[in-house]
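Using the working numbering, the letters of the sequence shown map in sequence onto residues 22 to 215. Think of the CB as a built atom: it goes at the ideal place given N, C-alpha and C, for glycine as much as any other residue. What you are looking at is a predicted structure, and each value in this text was computed from that prediction instead of being measured. First the structure, in the form of structure tokens, and then the observations on it.
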Amino acid sequence: MGAAVHTCCRQFDAVVDGQIVEMATFGREGMVGLAFGGIPPASFGCYLIRVLGAALRIEAGRMHEVVSARPGIQHMTLTYTEVLMALNLQSMACNAFHSVEARCCRWIIASGDRTGREDVPLTHEYLAEMLGVQRSTVSAVTMPLQDTGLIHQRRGKITILDRTRLENAACECYGILRAQCLQLLPLAQVEPEK
């Protein structure tokens with residue numbers, strides 16, 4: 022497999038009023054641009070790198086050849102597709118039923134998981150996009166998290182100080198999705214660096 026990859030990519034799509042909405046998050050456990058059934062990856066929106074770092078790249082045609090020729094890799098990519106579908110469905114339910122505070126905690130922890138770091142480059146503007154709220158709402162939500170020692174904020178960066186308490190403040194979606202990822206993608210799980 023090689024060295025750890027520390028980057029985070031988000032897939033977005035435009036909505037009618039010109040705003041964007043996040044459709045998926047990809048980190049060191051996943052891949053972008055792989056489509057099945059002859060559907061071109063461009064059909065699913067645009068990809069934005071939100072956390073800079075190392076990433077691996079393979080030409081799409083070559084990847085399709087490898088997936089077709091290697092049943093193990095085909096199984097792994099299909100399993101990842103299942104995980105991504107579960108993430109998207111759970112996120113829709115989460116956005117409909119959970120508070121901004123709980124969802125914000127989930128996104129901070131998930132960003133740490135995806136990048137493998139407790140020190141995550143996250144701006145309030147970016148969190149506002151992820152949560153579908155205004156930047157001032159993110160400030161109102163994250164200040165109490167900092168005041169109680171769960172996170173530390175500085176310009177463009179959030180450091181997770183107390184992961185256990187932050188997980189407890191997050192909605193149950195974090196635990197549900199993490200358990201599914203651990204079950205279906207056990208090799209992709211590595212503890213975040215401090």
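- The DSSP-derived three-state label of T46 is strand.
- Around the beta carbon of T185, fewer than 16 other beta carbons sit within 10 angstroms, so the residue counts as exposed.
- For I130, the uninterrupted alpha helix (DSSP H) run begins and ends at 121–136, by DSSP.
- Annotation for R184: the continuous alpha helix (DSSP H) segment containing it runs 184–190.
- When C-alpha distances from R78 are compared across L110, G54, T98, L69, the shortest belongs to G54.
- Using a 10 angstroms sphere on the CB of E150, the tally of other CB atoms reaches 16 or more, which defines it as buried.
- Here L148 has V159 as same chain residues with Cβ atoms under 6 Å from its own Cβ, once five neighbours each way along the sequence are excluded.
- CA-CA distance, S120 to I129, rounds to 14 Å.
- Around the CB of F47, 16 or more other CB atoms lie within 10 Å, so the residue is classed as buried.
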